[in-house]
Each structure stands twice: as C-alpha cells, then as structure tokens.
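For the record, the sequence lines run as chains A and B.
Okay, so the first sequence: first residue is 2 according to the working numbering, each after it adds one.
Okay, so the second sequence: first residue is 3 according to the working numbering, each after it adds one.
Note sheet for the following structure.
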Amino acid sequence: MSSPPASAGAPEVSLVELTSFEARFHLRSPAYWILTGLSCSIAAATVVLQTRGFPVLLPGPVVGDALRGSLQIALPLLAPFLVCAAVQREERLGVQELVLTKPPSSQTLAWARLLGALLALLLTVGAAILCGWVAQILVFGQGYSPAPVLIAGLRVLPSVLFVTGLSFAAALFVHTPMVPGLVAITELGLLTASQFLMPVLRHSLTQYHLPYSLLGLGIAALGIGAWQRGREPLVRLPASRALGAALIVAGLWTLQSAGRQWNGFNLMADRRLAPFEKLTLRRPRPLPEAPHPAALGPPIRLTQWRGRPILVAFWSASFPYGAAAVSALGRAWRDTCSEDMGFLPVCISSDPSRAADQARAAGLNGPIAVTPDWEDEAFGLPFSFRFETPPYVPTAGFIGPDGVVSLRAPLVQYPFMGVAGPCHPEWARQLYEEARLALPRAPQRLLEEARLREQMAEDQGVGR
Amino acid sequence: MRDLARYLRYNLGILYRKDLLLLVIPTALVGLVGAWTWSVIEGDAWHPSIAVAQSESLGSLVALFLFAGLLDPETRHGARELVFSKPHPMGLLLGVRMGIALSAAGALMLTLLLFYQRNYGDACVGDALRLGLPSWLAMGLVSFTIGQRTRSAVGGISASLVLWLWLVSAGAVFNPVLNLVGGATSASLPYDASLAALLRANKASQLLLTALLFLMGARRLLHNGAEVQANSGGPLRWLAPAGKWLVVAVVYLWTGALAHYLVACYSNPPDALRGLDLEAAPFGAAALAPSNWALSQLGDVCKMLPMAWPLGPGASDLLKALGGGEMRVGAMGDPTELLESAAAAPGPGQRPARLELAYRLAVGAGVGPYRGRQGASTAVWLTIGLADPDRWWIARLVPGPNVPRAEQLCEQVLRSKPTEAQGADALNLLAALAHQRWQFDREWSLNRRLVEQFPGSARAGELVWQAADGLRPQAVAVLFVRVAERQPLASRLQIYSFLARYRRSVGDRGGAEESQRKQREAWEGRERWRAAKSSNRSSNWMASERIGAAPGVPMHDALTPRAAEQAPGPTCPVTAAVLARGRPIPGVGVALFPLGIRRSEAPRALVNGWDRASSSAPVSEVPGPGGVEGSHPWGQAGTDSSLSRHPYLVAHTDAGGIARWRGVPAGRYILLVRLESRQLGDPANLSLVPPQGPVTVHPDRSGQGIRLPAIRFEPRIRLTSSAGPQGLPQIRWTEVPGAATYRVSLRCSDAWPLDSLGAAIGGTASPCLAHDLVWWRNDVRGPSSALLPEGFVGPSLDLARSGTTEGAAYWWCVEAKDAAGQSLAISEPLSAPRPVRMPSWQAIAQLGKAKEQMALREAAARHAADSSAEDEEREMSAFSSPFLEALMPPKAEAAAPRRGAARILKVPPMEFPGRGLPPRGPL
C-alpha cells in the first residue's frame with residue numbers, strides 16, 4: 002500500500018493490451034488448465050450420467066438443466082482460486098515492488114487483471130459448453146438439441162462474475178492464500194441464509210443475475226479504487242471508486258426491483274398469489290380476476306376460461322423431467338379439447354427464467370404460470386391443490402367452471418427411478434396417446450359435476 | 003530446549019500471527035461439518051466409521067489448507083531470499099513448520115472427534131486419529147509441494163483440492179491403494195484378511211508418499227528453489243510434462259487394477275454364496291463361481307490393462323475370460339480356452355481360474371432341459387420314472403461338458419489352501435453334484451467339511467445347524483463358537499442366541515451364560531466397532547442391526563436333524579438289478595418312490611398324470627409337466643429334495659448292477675432311476691421296458707428280502723416314416739418278437755402351449771401322460787400304421803390336436819404289447835427322439851358338414867370379437883398415467899353394452915369327433 006506511485010513519463014500500456022496479456026498468462030498456467038479440464042469433465046460427466054441405465058432420453062430439458070446445476074456449483078467454487086492466484090502473482094514471486102513501480106498505472110493494471118481473469122473464465126465456460134455438446138452428440142446421436150446446453154452454460158456466467166468480483170476485491174487486500182476459502186464460506190453463508198425464505202440472497206437465480214453481476218463488478222471496482230488510492234495517495238477520488246459506487250447503487254436498486262417483482266425478500270408476503278390460495282376442494286368460488294405470474298408469456302388470468310373447466314398441470318423445476326410430461330399433456334389438450342377446456346401449466350420454481358428454459362426445451366410454448374419453490378409451505382395454486390411437498394412427479398388436476406379444484410393425481414409413474422426418473426420419449430408418446438383418449442371425457446364430466454353441485458346448493462337453499 | 007521453544011514460538015508467530023485467516027478458514031470448515039453432522043445424523047444412525055471417514059477426508063482437507071503456505075510468509079513479505087540464503091537446516095525448518103501445521107490440524111480434528119464422542123457416545127477417537135494421520139500428512143505434503151513448485155499457495159490449494167476431490171470420490175474405485183479414506187472404507191466394509199492387508203498397504207503408501215515429498219521439499223529448499231528448467235521455447239515444450247503426467251496416470255490406473263486384482267483373488271466377498279441349485283444356476287453370467295464375481299467386475303473394467311507382465315499370462319487370460327459378459331467375452335476369445343490357460347499358469351489367479359473352469363465344466367451354460375440343440379451325442383442326466391405300462395417317463399437334463407474334470411478341479415482347488423470363499427465354492431459345487439446323483443451321504447459329509455474347514459464363509463453360517471447334528475453337546479458348542487466368531491454380526495447374533503438356549507437345554511448353564519454374554523456384547527454395541535470390522539458379510543451396519551432387531555427374523559430352535567438313514571417301523575430288504583442289453587450297469591441311482599406321498603412331494607410327471615386322470619377339461623387346458631410348480635418342465639429338483647429327506651429309499655447299483663436297499667417300509671412304490679447317459683454307452687439305441695405295475699413291498703417274514711423284477715434297458719423299436727398310399731403320413735417299424743399288438747402315437751411341439759420345444763425334447767412320457775399327444779391308435783396288428791383322421795385327440799376347435807401343421811416338429815412313439823397287454827418294448831430312445839415333419843392337414847374339420855364349418859367360422863369370428871373387446875378393455879385398464887386413468891369410467895360402466903352395438907351371435911358348443919386321451923387303468 003505504501004509503494005511509490007508509478008513513475009511519470011513512462012509509456013502507458015493500454016488496457017486492452019494488458020488484458021490480452023493477462024488472459025494469455027492464464028492460458029499458459031497449468032492451474033488454469035486444471036480448472037478448465039475439471040469444468041469440462043464435469044460438463045461431460047453430467048451429460049453422460051443422465052444416461053445411466055436409460056438408453057434413450059429426452060435430451061432437451063434434462064441435460065441443459067443438469068449442466069447448469071453442475072456448473073453453478075463447480076465454477077463459483079473454482080473461480081476464486083484462479084482470480085486470487087492472478088492478483089497475488091507478484092507477491093508470491095517476490096517481485097511486487099519491481100513490477101508495481103513501473104507503468105502502467107495501478108488502476109489499469111488491476112482492471113486488466115480482473116478482465117483477463119474474466120476472459121479466461123469465459124473461455125472455460127465455453128469449453129465446458131463445447132464438452133457438453135460433444136458428450137450429447139456421442140450419447141444421443143442425432144437426437145440432441147444444442148440450444149439448452151448453450152443457454153444453461155451462459156446462465157452460469159453472472160454467478161461467476163459476482164464471485165470473481167468478490168474474490169478479486171478480497172485478494173487485493175487480504176494477503177493470504179486463504180481468500181478462496183473465505184469466498185467459499187461467504188457463499189455457503191449466503192446459501193444458508195437464503196434457506197430462510199430469502200431467495201434474494203441466491204445469486205444463482207436468474208432474476209438476480211443482473212443485480213449480482215453489477216454488485217460483483219461494483220465490489221471489484223471499489224476494491225480497485227481503494228487499492229489505487231493506497232498506491233497513489235494524490236488521487237483524491239479514483240475513477241474506479243466512483244464507478245464502483247455507481248455500480249453498487251445500480252446493483253442494489255435492480256436487486257430490490259427484481260426482488261419486489263418476484264417477492265424475493267420474503268416468500269411469505271407474495272400478495273399476487275393470495276387470491277389463488279382461496280380455491281377449495283368443495284365450495285364453489287368465483288375464479289380470481291387477478292393475473293397470475295407467468296414464466297413465459299404475459300400474466301395469466303383464469304377468467305379467460307370462464308364457464309369452462311381448467312386442466313392444471315404442475316411440475317417442479319428441481320425435477321425437470323416433468324416438463325416433458327406436461328408438454329405431452331398440453332399437445333393432447335390442444336388436439337382434442339382446447340375449445341371445451343382451459344390448460345394451465347404451472348412450474349413450481351423460485352426461478353421463473355429457469356422454468357421458462359425448461360418449458361421451451363420441452364416444447365411448451367404457451368403461457369407458463371410459475372409459483373415459488375418452498376421448503377415447508379405451498380403458495381398460490383399448489384396451496385389450493387393441497388400439495389404437501391414439491392411434486393417430484395408431474396401432477397395434474399382440474400379447476401371446475403365453478404372454481405372447485407378436483408382430482409389431483411400424478412400425471413405419470415416412474416417405476417424405475419422412484420423419485421425423479423427422466424421422461425422417456427416412448428412414455429411421452431404413450432402419455433400423449435392416453436391423454437387423447439381420456440381428456441375429451443373430462444369437460445363434460447366436470448360440467449355435470451358443477452351442475453350437480455349447483456343443484457345441491459339450490460336444494461339446500463330451498464330446504465332452509 | 004529453550005532454543006527449540008523459542009524457535010517454535012518464532013515459527014508459530016510467522017505462520018499464524020499475521021495471517022489469522024489461515025486458521026480461521028479451516029476452523030470454520032470443521033465447525034460447519036460438525037454442525038451439519040450433528041443436525042443431520044441422528045444418534046441411531048451414527049456409526050463409528052463416520053468419524054474415521056471424517057478424520058481422513060476432512061482432516062486431509064484441513065491439512066491441505068494448512069500445509070500449502072508453510073513457507074509462504076517469507077515470500078509474501080519479500081524476505082525469502084534473505085531468510086533462505088542463510089545457512090540454515092532446511093529439513094529442520096520444514097519439519098518444525100510441518101509439525102506446527104500438523105498439530106493445528108490434529109487439534110481441530112481432535113476437537114471434532116471429542117464432540118462426536120460426547121454426542122454420539124462412540125467415535126473411536128484413537129482409531130480415527132491413527133488412521134487419519136497418514137492421510138493428513140500425504141495430502142498436506144502434496145499441497146505444500148505443488149505450492150512450492152508453482153510458487154503459489156493458492157495454486158497449491160487449488161490443485162490439491164482437485165486431487166482431494168478425486169481421491170475421496172471416484173479415486174477410491176480406481177486405485178484402492180491411494181484411496182484417501184482407506185480406513186473408513188475398511189471400517190464400513192466387511193472385514194477379511196485381504197482388506198486388512200489393503201488397509202496396511204494404503205497407509206504405508208501414504209506415509210511413503212509423505213517421506214518422498216518431504217525429502218524433495220527439503221532438497222529443494224537446500225538449493226533455495228534453484229532449478230534448471232529445460233525450456234526449448236517451442237510449442238513442443240509441453241510435450242515433456244504432458245508425457246510425464248500421462249505416465250503418472252497410466253501407472254496410477256495400473257497399480258489400482260493390480261491392487262484390485264490381488265484383493266479379488268484373496269478376498270472373501272460378502273453375500274457371495276448360497277446353496278447351489280444346479281437347475282437354477284446363474285445362466286450366462288460372466289462368472290459362475292460366486293467368489294469370482296469381484297474378478298468379473300474387474301475384468302469388465304480393465305481387462306485390457308497389461309497384467310501379464312507383473313503377474314504372468316494367467317492374470318490377463320482370467321480377466322479376459324471373466325470380464326464383460328458373454329457377448330464381449332466372445333470377442334475376446336473362447337472363455338474356456340482362456341480359463342484353461344489361466345488355470346495352468348501359476349500365480350494368484352490360478353485358483354480362481356480353476357474354480358471358474360470347474361463351474362463352467364460342471365454347469366456350463368446352465369443345467370437345463372435338453373432342447374435338441376446340443377445333438378444326440380450330448381451327455382445328459384436321465385431321470386426315468388417307471389410306474390406301470392401306461393405310466394413311464396424320461397426327463398433329460400444337460401449338465402456341463404465335463405463333470406468328472408470339474409470334480410478334479412475342485413479337489414485341486416481344495417488342496418491349494420484356498421480362501422474361505424473359494425474353498426466353500428469348491429465344496430458347494432461338489433455337494434451339488436453329489437445331490438444330483440442322489441448321493442446324499444456324500445453331500446452331507448461335504449457340507450460338514452465345508453463348515454469345519456471354512457467357518458467364515460456365508461454357506462457355513464447356513465449349514466452349521468445341520469452339520470452339528472450327531473455331535474456331542476461339547477463338540478456342538480465348539481463348532482458353533484468357531485463358526486460364530488467368523489460370521490457377520492446378524493448371523494453371529496442368531497448363532498449365539500441359539501447356542502445359549504441349546505446349552506441350557508443340555509444342562510450347561512455356564513456355557514449358556516457365556517453365549518448370552520457374547521450375544522449381548524455383540525448386540526448392545528460394546529463391540530460395535532470390532533463387530534463391524536470383523537463382519538464378513540454385513541457391509542451395512544444398519545442393515546445388520548435391523549436384521550438382529552427385527553422380531554420376525556427366523557430363529558433356529560433346534561439343530562437341523564440329518565435325514566434318517568433307517569426307515570421307521572418294520573422294513574424289508576429289497577434288491578433290484580439294472581441291466582442294459584442284459585449287462586449290469588454299476589453306479590446307477592435307483593429310488594423307490596412311495597405312491598402314498600403328498601402331492602407336493604411327488605414327481606411332477608406323476609402329478610400331471612393325476613391331473614390328467616381327474617380332469618374333465620380339454621387336454622389343452624390341463625397343466626403340463628412343470629405347470630404345477632417349478633422353474634422349467636421336467637425339473638427334478640422337487641423329486642431330489644423329497645428323496646434327500648428319505649435317503650433309505652435310494653440305493654446305488656454295485657459292480658454287479660444290483661441295487662440293495664437295507665430296509666424299505668411296507669407300501670406301494672414306483673421306481674425312479676437316475677443315471678448319466680454315458681453310463682449306458684449307446685443311449686440313442688436303447689429304451690426302457692415299461693414295468694408291469696407299481697412295486698409292492700410287504701413285511702418280509704422269511705428274512706431273505708424282496709427281489710424286484712430287473713430294470714431293463716433294451717434296444718428300441720426302429721421306426722421309419724413315409725407317405726402312405728393316399729398321401730397320408732405313415733409309420734413303419736420293425737416287428738418285436740412276441741408282440742401281439744402295438745400302440746402308436748404322435749406328439750407335437752405345438753400341442754403344448756408353454757415351453758413346447760423344451761417340454762417335448764427335454765422330457766417324454768407314455769401317451770397316457772404326454773401332454774403333447776396329438777394322435778394315437780391302439781391294437782395295431784401289423785408293423786405299420788397310417789395317420790388316419792379318427793385317431794386325432796381333437797376336438798376340432800383345438801387346431802393343434804385335430805390335424806397336422808407344416809413346420810411343427812412331431813415325434814412318433816410305438817409300444818409293443820404281448821397278448822396279456824404287457825409292454826415288451828417301445829420306440830422311445832433314452833437320448834432325444836428324432837423329430838419328423840408333417841404336411842398341413844386339418845383332419846377333423848375336413849370331415850365336418852357345411853353347417854359345422856359355418857359354425858366353426860362363426861365361432862372363430864366370435865373369438866375374434868371377444869379378443870378385440872378384451873384388447874380394448876386391456877388397453878383402457880393399462881393406463882400408465884394415474885391421473886388419466888382416473889378420468890376413464892369404471893370398468894363395470896365400460897363393460898355395459900353400448901347402445902347400437904352389434905349383438906354377438908351366441909353359438910352353442912359343438913361336439914366334433916375326436917379320440918380324447920388313451921384309456922388307462924387305476925394305479
């Protein structure tokens with residue numbers, strides 16, 4: 002911190018050149034290749050492990066989501082090592098004074114180091130995606146779909162950016178090899194705190210990607226500014242510090258905005274879902290007028306199917322195989338009884354974008370309602386349907402034309418996996434055929450039941 | 003000493019005073035893991051091996067963090083050159099700092115283990131620390147070395163973290179010697195000598211690695227990190243390190259495979275052995291001998307590794323023969339030839355190879371019914387049933403290709419000091435073969451030998467109850483204790499529980515109390531740790547605990563009595579000769595099977611005869627051979643089991659071909675004969691001579707015994723099939739001297755709906771018992787007969803029995819009878835009969851009138867309508883989706899007639915000509 006400022010008059014190296022140098026430095030490091038090799042192995046293993054015992058799968062929703070889950074755990078744990086090694090390079094080589102007294106400026110040097118590390122990590126993610134693709138081609142042959150893997154891989158980047166910024170700032174000031182451990186424990190702490198119904202602390206949720214990216218960059222910029230201030234005391238307000246403050250403000254603002262939009266501060270207070278919790282198994286109620294939050298498409302109003310029964314199909318984003326089953330049901334509904342009955346796919350997930358990714362990959366293109374994931378309580382429609390645990394098996398039910406919910410039952414059975422087996426294409430086809438046979442019977446039956454309930458209510462009124 | 007203390011304090015200050023995080027992070031890790039364990043694992047689910055696992059894995063993770071920056075402070079503070087350039091004992095510096103880091107890691111782990119000890123009661127603190135120490139040192143030195151090489155503690159942590167992740171997860175599978183959690187693996191898996199040796203090798207390798215890395219580190223420090231690095235500057239500069247790492251990876255995998263191979267050759271695999279039922283042998287498995295299953299799995303993974311160089315060619319041949327199932331084995335070469343080669347080559351794989359070869363030669367692709375694929379010259383085990391002229395049968399089972407050689411190989415294995423599992427496998431096979439030959443005495447003595455010689459095997463735990471029968475109480479106790487001490491916990495509890503009751507019942511109160519104490523010690527957990535380690539089979543402590551605790555576990559109340567060698571009540575000695583072409587056959591098993599036996603114990607063919615006699619159902623609906631119970635038609639396991647409970651009913655022929663029963667209770671019996679086809683010499687040209695009737699044994703007052711009529715195998719009647727004058731198939735045969743009439747019959751493979759080909763060829767029977775009977779004719783006078791329509795069994799709706807079908811396999815059978823109706827000879831060979839082909843011919847339907855033909859068509863249409871309705875209903879009830887199935891109407895509703903549906907024509911049952919079954923007198 003007390004090093005003299007960079008000597009004036011020396012030729013300044015541009016940020017781009019320095020960033021390029023840093024990135025190339027990483028590419029020459031064995032540690033970087035260990036990190037990249039591990040990420041690629043994880044990506045390939047994730048794809049291959051999906052096939053254990055199941056020769057044919059639906060590759061779309063399963064592989065992409067699984068890849069995202071694996072990389073989201075591995076990369077934020079591994080990235081701090083790379084960043085810390087880069088920051089503490091001169092220090093561990095004992096040439097700190099020698100290098101830092103030369104141009105370029107401290108600020109340029111630090112930014113180049115950060116951007117170089119980010120560039121290297123971007124290449125690592127790209128390599129992991131490529132490995133996922135290759136594994137998919139080898140496993141699935143012609144039947145693979147590349148888009149879910151690409152999207153899933155890119156979704157990991159914001160988390161990596163946040164962790165990188167955090168690690169970078171810590172490594173600038175904490176001169177110890179324990180910085181990666183410190184970051185890992187910070188992440189574990191955030192994860193633990195988020196379990197208490199505070200999903201806003203989960204930087205891996207897609208809706209918080211932008212805020213946490215801004216926060217990560219802001220923390221890194223603040224760190225750079227402080228470091229520059231320490232090295233160049235004459236600079237009163239380093240640009241990086243101002244930029245960092247601005248980024249943090251922007252990050253916090255977008256965070257609260259995203260949190261408010263999706264009630265990420267506390268799941269208990271999601272008022273938009275409250276009207277949907279009033280539907281019951283017996284008593285008729287008018288359908289709620291309020292729009293239901295949607296993961297894909299505009300908010301959904303149940304009243305658009307007024308006078309008709311609604312087929313509701315749930316799946317949990319934690320068990321993405323259900324999306325394929327719900328998709329098969331949706332196709333059968335469209336082919337047989339879309340005029341007589343409504344269809345509402347509901348994904349139970351705290352991450353609407355992840356739900357949308359799964360739905361798209363499974364071929365569900367219509368509006369997808371989404372309700373938050375929970376630990377002990379159900380919110381919104383799942384509450385009305387009396388779910389006690391997240392449905393690891395996709396489950397369907399009906400909302401009658403009079404607002405009575407009925408017939409909640411598993412949509413498929415997974416005899417082999419028991420918990421969360423992948424949806425076999427043959428099963429999806431069979432489910433479609435069965436649904437084509439069974440669904441046309443449902444509207445008439447539900448209408449008759451509603452009429453019967455109405456008649457009983459009238460009889461009771463007359464009796465009184 | 004003061005200098006040393008000052009030196010220690012100085013180093014302690016350098017390491018931790020200015021970098022508190024160095025201690026905080028590992029402490030936080032240990033705290034998190036401890037809190038997680040405490041909140042997740044309930045007291046009942048706790049097992050001491052968890053403490054060992056955490057000591058090894060978490061302790062090495064902590065060491066990894068603490069060791070990475072041992073010499074980092076000087077570097078960080080820019081004092082490296084200054085400090086290290088001074089004359090200084092580098093080994094001492096490194097040793098002291100390692101000691102400090104090791105003490106810190108040890109203190110953290112000790113705190114954690116004491117916490118577990120306090121909360122769970124048993125954390126095996128001493129064992130956990132002792133087993134964990136080599137892992138901490140190895141991982142710590144790896145981290146330190148990488149940190150020094152990369153001149154970055156972060157690099158050291160990150161690279162060794164990756165290595166740590168590998169070693170505690172998949173690495174344990176690939177190389178058990180370098181497994182970081184070897185102690186926990188050994189503690190949680192069943193104990194045997196090979197695993198104990200593996201644990202020693204595991205810890206020794208970790209200490210060796212530690213010493214090596216320490217010397218390297220000290221030497222490097224001595225030279226102040228000055229290394230001459232060859233840097234060619236070109237792109238090829240990566241080749242040398244890449245090649246070096248490739249060699250390291252290959253050596254790692256290869257040594258892992260080597261360790262696995264040695265463990266598999268010398269280990270006692272858990273749950274490997276059950277009683278061997280030859281008729282239900284694991285067909286087509288990669289390894290037939292249960293003790294070779296681990297080798298089979300290893301061969302599946304690494305049969306391509308060069309094992310021949312260190313272990314001889316036998317190892318690679320053995321792995322190729324066992325690995326990868328039959329398909330891939332075929333690609334690698336003939337497994338029998340590979341096993342022959344491996345069995346001849348000395349080395350650790352010789353015994354497993356001999357054992358596997360023995361199983362392959364005795365069991366082959368599975369002892370099963372003769373199916374015609376093997377060829378008429380194939381050796382078969384024949385079981386012949388002889389009741390009366392209308393009730394006889396032949397069941398054929400195909401054993402492996404060379405049973406005598408298999409027995410020789412088993413003896414060789416037993417002479418070569420096998421492991422418990424291998425010895426038990428060999429004796430088990432010998433006992434199964436003795437059982438197959440009805441040599442129940444030999445089977446019993448082999449089982450007893452198994453218990454006495456290999457008490458640690460799983461089979462010994464099952465057989466000890468019957469092996470102890472006949473011993474004096476003291477000898478019983480000694481045998482039981484010997485077996486119990488080597489058995490897994492669940493079996494041990496059962497044995498001690500029984501032993502306590504047994505000793506009390508024979509008046510040995512002291513012994514009973516001792517057994518109870520042993521049982522209590524094992525059960526109440528005072529010896530949990532030792533019991534888990536000494537458990538041979540219980541790989542899951544909790545599972546064992548549940549077995550012991552479950553109230554429904556069958557507990558033995560008494561010793562299993564050995565089957566009585568003497569019949570109860572008054573008996574009579576009986577003799578019978580067994581002759582083939584008039585010459586005696588030695589070594590044939592002959593049994594007198596009582597007719598008054600329970601249905602469930604009777605031979606299946608006889609049961610089928612009863613069913614046929616009492617049933618009024620059409621012939622196609624009567625259950626066929628094996629239809630009552632059992633895995634395949636003509637299976638003999640039930641018969642063998644019944645006879646093993648009454649061994650006094652079985653006798654074996656001596657050199658003069660005479661079977662002698664010492665005492666047979668009075669009663670009526672049928673004769674059963676068990677022999678191998680090679681004993682007959684020419685089974686294809688021999689056939690049995692049906693007996694006059696059941697054997698009656700009455701109390702013998704003269705004391706000379708009863709001499710039964712000889713069981714004869716005579717040349718069979720020769721058959722020639724051809725086309726007759728009207729195009730009808732015709733059969734001709736050689737005349738039998740003294741024959742007054744003949745009964746001719748035809749059987750068909752399609753006439754029996756189950757495993758038709760196996761039923762028809764794997765066993766045959768007289769027309770009165772045969773379920774594949776299509777046509778028959780009695781009282782034929784001449785040496786030929788045409789296939790006349792009136793001989794078909796019918797009715798016409800049974801298409802298989804009312805005509806012939808092109809493509810189906812048929813068998814003729816001719817029986818010659820004298821004027822008194824006694825059978826003289828038959829055409830059925832003892833080996834498989836040769837099938838003939840027939841043209842398609844609907845014999846009975848051709849005789850029908852137009853109205854009958856119309857009714858037949860209508861019935862067929864009705865059947866088709868019923869089938870489609872059934873199909874629709876089946877389709878509706880076979881919904882895979884519970885939700886969608888709930889939308890469908892109930893079945894009763896679905897079955898209600900729909901408005902406007904076509905009415906099904908009700909056709910009355912039609913009677914068509916047909917002979918039905920041949921007549922048969924009572925038994």
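Ideal placement from N, C-alpha and C gives every residue a C-beta, glycine not left out.
- For Cys574 of chain B, the enclosing beta strand (DSSP E) stretches over residues 573-582.
- CA-CA distance, Ala451 of chain A to Val405 of chain A, rounds to 8 Å.
- Within the region 177-197 of chain A, the residues whose Cβ lies closer than 8 Å to some Cβ of chain B are Thr177, Pro178, Met179, Val180, Pro181, Gly182, Leu183, Ile186, Leu189, listed in chain order.
- Residues of chain B whose Cβ lies closer than 8 Å to the Cβ of Ala397 of chain A are, in chain order, Phe885.
- Contact check for Gly219 of chain A against Gly252 of chain A passes: the beta carbons are separated by less than 8 Å.
- If you draw a straight line from the Cα of Leu448 of chain B to the Cα of Leu432 of chain B, it comes to about 7 Å.
- Look at Ser160 of chain B: its C-beta is under 8 Å from a C-beta on chain A.
- Ranked by Cα distance from Ala566 of chain B, the options B:Ala827, B:Ala502, B:Leu495, B:Pro649 are led by B:Pro649.
- By the neighbour-count definition (other C-beta atoms within 10 Å, threshold 16), Ala243 of chain A is an exposed residue.
- Counting along the chain, Ser42 of chain A sits inside the alpha helix (DSSP H) bounded by residues 31-50.
- Beta-bridge partners of Ile396 of chain B (DSSP): B:Ile386, B:Thr766.
- The beta-carbon separation of Ala129 of chain A and Cys41 of chain A, rounded to 5 Å, stays under the 8 Å limit for a contact.
- For Met111 of chain B, no chain A residue has a Cβ inside 7 Å of its Cβ, as the nearest lies near 17 Å away.
- Chain B places a beta carbon closer than 8 Å to that of Pro411 of chain A, counting this residue as a contact.
- Annotation for Gly343 of chain A: the continuous beta strand (DSSP E) segment containing it runs 343-349.
- Straight through space, the alpha carbons of Leu416 of chain B and Arg407 of chain B are spaced by roughly 14 Å.
- Cβ contact annotation for Ala725 of chain B (same chain, cutoff 7 Å, sequence separation greater than five): Pro731, Gln732, in chain order.
- Distance from the CA of Asp781 of chain B to the CA of Leu832 of chain B, rounded to the nearest whole angstrom, comes to 24 Å.
- The alpha-carbon separation between Ala107 of chain B and Leu17 of chain B amounts to approximately 14 Å.
- Assignment of Leu22 of chain B by DSSP, reduced to helix, strand and coil, places it in the coil class.
- Interface annotation, Leu432 of chain A: in contact with chain B, CB-CB separation under 8 Å.
- A straight line joining the alpha-carbon of Ala888 of chain B with that of Ala443 of chain A spans about 10 Å.
- Residue contact check for Cys85 of chain A against chain B: a CB pair falls below 8 Å.
- Of all alpha-carbon atoms in B:Leu215, B:Leu255, B:Leu95, the one lying nearest the alpha-carbon of Leu169 of chain B is that of B:Leu255.
- Counted as a single uninterrupted DSSP element, the stretch harbouring Pro391 of chain A is not any alpha helix (DSSP H), since DSSP gives it neither H nor E.
- When the five nearest sequence neighbours on each side are left out, the beta carbons in the same chain lying within less than 6 Å of the beta carbon of Val746 of chain B are those of Arg779, Val782, Ser787, Val816, in order along the chain.
- Interface criterion met: the Cβ of Val175 of chain A is under 8 Å from a Cβ in chain B.
- Pairing Ala125 of chain B with Pro50 of chain B gives a Cβ-Cβ distance under 8 Å.
- Within a 10 Å sphere around the beta-carbon of Gly117 of chain A sit 16 or more other beta-carbons, which makes this residue buried.
- About 53 Å separates the CB atoms of Pro457 of chain B and Ser825 of chain B; that is not less than 8 Å, and the two are not in contact.
- In the displayed model, Pro884 of chain B falls within a helix according to three-state DSSP.
- The shortest C-alpha to C-alpha distance from Ser145 of chain B to any of B:Tyr122, B:Phe176, B:Leu215, B:Tyr118 is the one to B:Leu215.
- Among the residues facing chain A, Thr152 of chain B is included, as its CB has a counterpart in that chain under 8 Å away.
- When beta bridges are read from the DSSP output, Lys819 of chain B appears opposite B:Thr743, B:Ser825.
- The beta carbons of Ala470 of chain B and Leu597 of chain B sit no closer together than 8 Å.
- Approximately 6 Å separates the beta-carbon atoms of Ala80 of chain A and Thr165 of chain A; this is inside 8 Å, confirming the contact.
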